[in-house]
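Okay, structure first, notes after.
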Amino acid sequence: MPDRYDDPLLEALLFFGKLHSRPINRSGVMQCLPLWGGKLSPQMFPRAAERAGFESKLVRRSVSRISPATYPAILLLEDNEVAILVEKEGRNKFKVVLPSSGGGEEILTTDELNEVYTGIAIFVKPSYEFESRSEFRARRLGKNWFWGTLWRFRSFYFRVGISTVVINFLALASSIFMMNVYDRVVPNEAVDTLFVLAMGVGIAYVFEFILKSLRTHFVDRAGHRIDLILGSEIFGRMLGMRFGDRPDSAGSLASQARGYDALREFFTSASIAAIADLPFTFVFVGVIYLLGGPTVALPVVAGLTLALIIGLIMQLPIRKAVSKSYQSSNQRQALLVEGIQGLERIKATRSESEMQARMEEVMHVSAKSEIESRGYSHLAMNMTALLHHVVSTVIIIAAFFAVRDREMTMGAMIACVILSGRAMGPMALVASLLTRMQLSLRSLSGLNQIMEIPPERHDRGAQYISMPEFSPSVETHQLKFRYEEEGALILDELNIRIQPGERVALLGKTGSGKSSLLRLLMGFNRPTDGSISISGVELSQLDPAELRANIGYVPQDPGLLYGSLRSNLLAGCPWVEDQKLLEAIDIAGLSGFIRSLPRGIDQPVSENGNSLSGGQKQAVSLARALIEEPELLLFDEPTSAMDSGSEKRLIEKLRGYLDGDSMRTLLVATHKRSILTLVDRVIVMENGKVVADGPKEKVMRVPTSAKPPEVPRARGSMSGSVPSGDSPDVALPN
Numbered sequence: 000m001p002d003r004y005d006d007p008l009l010e011a012l013l014f015f016g017k018l019h020s021r022p023i024n025r026s027g028v029m030q031c032l033p034l035w036g037g038k039l040s041p042q043m044f045p046r047a048a049e050r051a052g053f054e055s056k057l058v059r060r061s062v063s064r065i066s067p068a069t070y071p072a073i074l075l076l077e078d079n080e081v082a083i084l085v086e087k088e089g090r091n092k093f094k095v096v097l098p099s100s101g102g103g104e105e106i107l108t109t110d111e112l113n114e115v116y117t118g119i120a121i122f123v124k125p126s127y128e129f130e131s132r133s134e135f136r137a138r139r140l141g142k143n144w145f146w147g148t149l150w151r152f153r154s155f156y157f158r159v160g161i162s163t164v165v166i167n168f169l170a171l172a173s174s175i176f177m178m179n180v181y182d183r184v185v186p187n188e189a190v191d192t193l194f195v196l197a198m199g200v201g202i203a204y205v206f207e208f209i210l211k212s213l214r215t216h217f218v219d220r221a222g223h224r225i226d227l228i229l230g231s232e233i234f235g236r237m238l239g240m241r242f243g244d245r246p247d248s249a250g251s252l253a254s255q256a257r258g259y260d261a262l263r264e265f266f267t268s269a270s271i272a273a274i275a276d277l278p279f280t281f282v283f284v285g286v287i288y289l290l291g292g293p294t295v296a297l298p299v300v301a302g303l304t305l306a307l308i309i310g311l312i313m314q315l316p317i318r319k320a321v322s323k324s325y326q327s328s329n330q331r332q333a334l335l336v337e338g339i340q341g342l343e344r345i346k347a348t349r350s351e352s353e354m355q356a357r358m359e360e361v362m363h364v365s366a367k368s369e370i371e372s373r374g375y376s377h378l379a380m381n382m383t384a385l386l387h388h389v390v391s392t393v394i395i396i397a398a399f400f401a402v403r404d405r406e407m408t409m410g411a412m413i414a415c416v417i418l419s420g421r422a423m424g425p426m427a428l429v430a431s432l433l434t435r436m437q438l439s440l441r442s443l444s445g446l447n448q449i450m451e452i453p454p455e456r457h458d459r460g461a462q463y464i465s466m467p468e469f470s471p472s473v474e475t476h477q478l479k480f481r482y483e484e485e486g487a488l489i490l491d492e493l494n495i496r497i498q499p500g501e502r503v504a505l506l507g508k509t510g511s512g513k514s515s516l517l518r519l520l521m522g523f524n525r526p527t528d529g530s531i532s533i534s535g536v537e538l539s540q541l542d543p544a545e546l547r548a549n550i551g552y553v554p555q556d557p558g559l560l561y562g563s564l565r566s567n568l569l570a571g572c573p574w575v576e577d578q579k580l581l582e583a584i585d586i587a588g589l590s591g592f593i594r595s596l597p598r599g600i601d602q603p604v605s606e607n608g609n610s611l612s613g614g615q616k617q618a619v620s621l622a623r624a625l626i627e628e629p630e631l632l633l634f635d636e637p638t639s640a641m642d643s644g645s646e647k648r649l650i651e652k653l654r655g656y657l658d659g660d661s662m663r664t665l666l667v668a669t670h671k672r673s674i675l676t677l678v679d680r681v682i683v684m685e686n687g688k689v690v691a692d693g694p695k696e697k698v699m700r701v702p703t704s705a706k707p708p709e710v711p712r713a714r715g716s717m718s719g720s721v722p723s724g725d726s727p728d729v730a731l732p733n
């Protein structure tokens with residue numbers, strides 16, 4: 000295969016892998032990273048390094064201030080180049096490695112480095128891995144993915160807490176101001192004192208405004224960073240899961256992922272500030288006690304207790320309503336996605352009424368549960384508001400008698416009324432906060448289900464067997480596979496051996512296991528039992544990304560992504576040169592079609608490629624499979640939607656392409672006789688088993704009615720003959 004990478008930062012990471020005896024796979028470390036132009040950026044480097052088992056940190060520092068203890072360090076140079084600072088030679092010279100020049104060492108002076116150095120360095124060190132016997136073994140992602148991320152940004156929330164403390168103490172200023180005005184300024188007509196007090200309370204208001212703005216800023220900054228990390232983590236986990244572990248409903252999965260919005264809104268919004276205000280309720284009650292005594296403080300304590308009890312009592316019905324609403328929302332989303340994806344089938348079968356009835360039933364249940372949830376929440380809030388008014392009235396009555404008995408002043412009474420409002424204010428939000436918390440925790444539970452799905456790649460830093468020289472050989476041993484745990488066996492004790500350079504056709508009736516075998520070879524699913532080896536290595540020991548980088552795969556139903564023809568052809572390999580792109584387009588027979596388009600290769604493509612015909616989508620998929628010149632080709636009905644003329648031209652081009660490399664291996668599942676001109680060996684499958692395997696001419700000569708003779712095994716085959724009365728011809732149209 001041609002060299003597909005020109006990525007200095009990736010080469011630098013590979014250098015550290017070799018230095019610390021931690022082999023790094025190029026494709027695997029880049030998988031699911033948001034790359035533009037197919038290259039690793041400084042911002043993405045820490046994530047790639049973490050996957051490879053390293054810790055990294057970007058710093059802005061001059062060369063002379065980089066401590067030798069951090070060597071080797073990556074220096075970012077101009078023109079997107081990098082240098083690896085290895086050693087200091089004397090006072091003004093440094094030994095560096097330049098990945099762009101093949102990794103050779105060079106000696107540069109400080110002035111020479113400063114001319115191209117951008118001032119940004121990356122420090123890299125291996126992550127410490129605890130042994131399995133250690134009591135403090137590093138925990139897996141599991142349910143810690145969310146709380147662990149929040150803990151990383153605890154400094155922001157600590158600042159929020161400090162701001163909240165000062166804000167709530169400044170809130171006492173208005174009460175103290177009112178008390179002093181009524182008790183001292185008004186009776187004595189002390190105008191100067193009034194202005195001094197007004198100036199003081201004005202300063203307090205300004206500081207309160209500044210601190211509230213800072214608190215909002217801290218919450219927003221923490222929320223933004225947490226959102227980037229968690230959103231990427233969730234989507235990456237969805238992209239990284241195996242097909243076999245994926246939930247049955249794509250819509251339900253999307254709805255579960257959408258629950259992250261509710262979770263984010265609760266933990267990264269004003270809810271945090273409201274929760275932080277709750278403890279200061281006791282501070283305000285204490286001040287009321289100091290000003291008015293137990294008689295005035297008792298109504299506030301009683302009101303707060305009742306408000307808390309109301310909020311807690313309402314949580315049981317609210318929890319049930321939220322759970323029901325969450326489930327119905329998932330079902331509604333699943334039905335919506337199913338309706339959009341299957342719109343053509345729905346119209347063709349005239350089943351619009353059934354789909355509409357199902358949707359309206361789900362919407363009715365969803366709306367009812369949401370109304371219940373909001374109803375209980377509003378009831379709790381209204382009862383708390385009523386308590387607030389009652390408490391204020393009772394305080395005024397109690398304070399009146401205290402003023403009459405000269406146990407407190409008029410100013411203290413007014414201050415107590417104001418403080419009671421500040422004390423009851425956060426409690427009025429308790430019911431609303433608890434409702435939103437229930438929804439957030441329910442969403443977190445759904446997201447935990449997604450995050451607990453094991454990824455197809457091993458844990459971070461896990462070492463796969465690397466394949467510097469890929470050999471396109473395939474072998475299965477006693478392979479069994481079923482899609483569901485209690486489902487029927489799709490493949491049953493399958494034994495196949497394909498040597499490099501063989502061109503093999505898989506024939507068989509629908510449901511015989513041909514497509515499932517190809518999907519297993521791609522690593523989309525895991526075998527139920529038995530083993531698969533590719534390039535002489537057991538499939539589970541190969542990095543899925545590296546495996547697929549060496550395979551050209553054409554699925555039975557190729558779907559395209561929204562974008563353009565170019566973006567679909569270069570998906571996953573934006574580094575490919577135009578010459579290679581044009582060659583793949585020519586082999587797939589897309590040249591004439593692209594020339595006829597108004598915008599050529601940049602013609603927009605709709606979602607799933609619905610603007611293209613089935614044959615055109617297959618041609619695009621074929622071109623994408625060939626563009627990186629893989630050694631192993633897996634084609635699943637590659638021409639099923641093509642007309643005979645297009646198919647004939649494609650077969651001629653493919654024959655020349657295959658003949659250009661004697662080691663290139665082809666495994667094609669087909670029902671068409673014309674495709675058999677590309678192969679020299681035929682494997683016939685039935686009910687997940689091989690019933691015939693041998694040279695094409697001998698296998699295809701077996702008559703339908705006569706008992707077939709024993710067919711000599713082809714090079715590397717592990718199977719025997721065709722059973723009596725079962726000819727592969729039945730699987731092929733005339």
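All residue numbers for the sequence shown refer to numbering that gives the first Met the number 0, where the first residue is 0 and numbers rise by one. All residues carry an ideal CB built from backbone N, CA and C; glycine is no exception.
Check	Outcome
Write down the C-beta distance between E630 and P471 rounded to the nearest angstrom, noting that I regard them as a contact closer than 8 Å.	4 Å
How big is the Cα-Cα spacing for V604 and S376?	47 Å
What is the residue span of the beta strand (DSSP E) that S530 lies within?	D528 to I533
In the DSSP assignment, the beta strand (DSSP E) including K688 goes from what residue to what residue?	K688 to P694
Here's a check: name, in chain order, each residue in its chain whose Cβ is nearer than 7 Å to the Cβ of V300, leaving out the five neighbours to either side.	V284
Can you tell me the Cα-Cα spacing of L305 and Q42, whole angstroms?	52 Å
Just reading off the beta strand (DSSP E) that V159 is part of, what are its end residues?	Not the beta strand (DSSP E): V159 falls in the alpha helix (DSSP H), residues R153 to L169.
Please name the residue or residues paired with S454 in a DSSP beta bridge.	For clarity, residue 454 is Pro in the given sequence; the question names Ser instead. DSSP lists M240 as partners of P454.
My assumption, with CB atoms under 8 Å, is that G410 sits in contact with N179. Please give the rounded CB distance.	7 Å
By Cβ distance below 7 Å, which residues in the same chain neighbour R459 in space, the five residues on each side in sequence not counted?	Here the model assigns R459 a pLDDT of 49, short of 50, so the residue's position is not dependable, and the following value carries that caveat. Correct list, in chain order: E49, R50 and G52.
Assuming contact is defined by CB atoms lying nearer than 8 Å, are A570 and L625 in contact in what I supplied?	no
DSSP puts A306 in a beta bridge; with which residues?	DSSP, once it has assigned bridges, lists no residue as partnering A306.
Compare the Cα-Cα distances from P293 to each of F400, D219 and I233 and report the closest residue.	F400
What separation, rounded to the nearest whole angstrom, lies between the Cα atoms of A273 and P425?	7 Å
For V195, count neighbouring C-beta atoms within 10 Å of its own C-beta (all shown protein chains included) and say buried if the count is 16 or more, exposed if not.	exposed
Would you kindly check if the distance between the Cβ of R241 and the Cβ of E455 is under 8 Å?	yes
Give, in chain order, every unbroken run of the beta strand (DSSP E) that is at least 3 residues long and sits entirely within the region 486-535.	490-497, 502-507 and 528-533
Looking only at its own chain, which residues have a Cβ that is under 8 Å from the Cβ of D642, when we skip the five neighbours before and after it?	G614
When we look at the beta-carbon of L12 and count the other beta-carbons within 10 Å, is it buried (16 or more) or exposed?	buried
Taking its Cβ as the centre, do 16 or more other Cβ atoms sit within 10 Å of W144, making it buried, or is it exposed?	buried
When you compare only the Cα positions, how much space is there between T527 and D635?	22 Å
So, at 7 Å on beta carbons, what are the nonlocal neighbours of E10 in its own chain, with the 5 sequence-adjacent residues on each side left out?	P98
Okay, do the region 583-593 and the region 660-680 touch, 3+ Cβ pairs below 8 Å being the bar?	no
Pull up the CB-CB distance for S530 and F480, whole angstroms please, since I reckon it's below 8 Å.	Between F480 and S530 the Cβ distance is about 12 Å, and since that is not below 8 Å, they are no contact.
So, is F93 buried or exposed, given that buried needs 16 or more other C-beta atoms within 10 angstroms?	buried
For a test of the three-state rule: what should DSSP assign to H377, helix, strand or coil?	helix
Provide the residue(s) that pair with I209 in DSSP beta bridges, ordered along the chain.	Paired residues: none, contrary to the question.
I'd like to know whether the C-beta atoms of M423 and L303 end up nearer to each other than 8 Å.	yes
So for F469, helix, strand or coil by DSSP?	coil
May I ask you to verify whether the region 108-128 touches the region 24-32, counting CB pairs closer than 8 Å and requiring at least 3?	no
Beta-carbon within less than 6 Å of L478's beta-carbon, same chain only, minus the 5 sequence neighbours each way: which residues are those?	L490, L493, P526 and G529
CB-CB under 7 Å to G160, same chain, minus the five flanking residues each way: which ones, in chain order?	A275
Mind pulling the alpha helix (DSSP H) runs of 4 or more residues that sit fully within the region 251-322?	269-276 and 280-312
Which residues does DSSP pair with L632 in a beta bridge?	G551 and L665
In chain order, what residues of the same chain have a beta carbon less than 8 Å from the beta carbon of I395, not counting five sequence neighbours either side?	M412 and V416
Under three-state DSSP, which class holds A120?	strand
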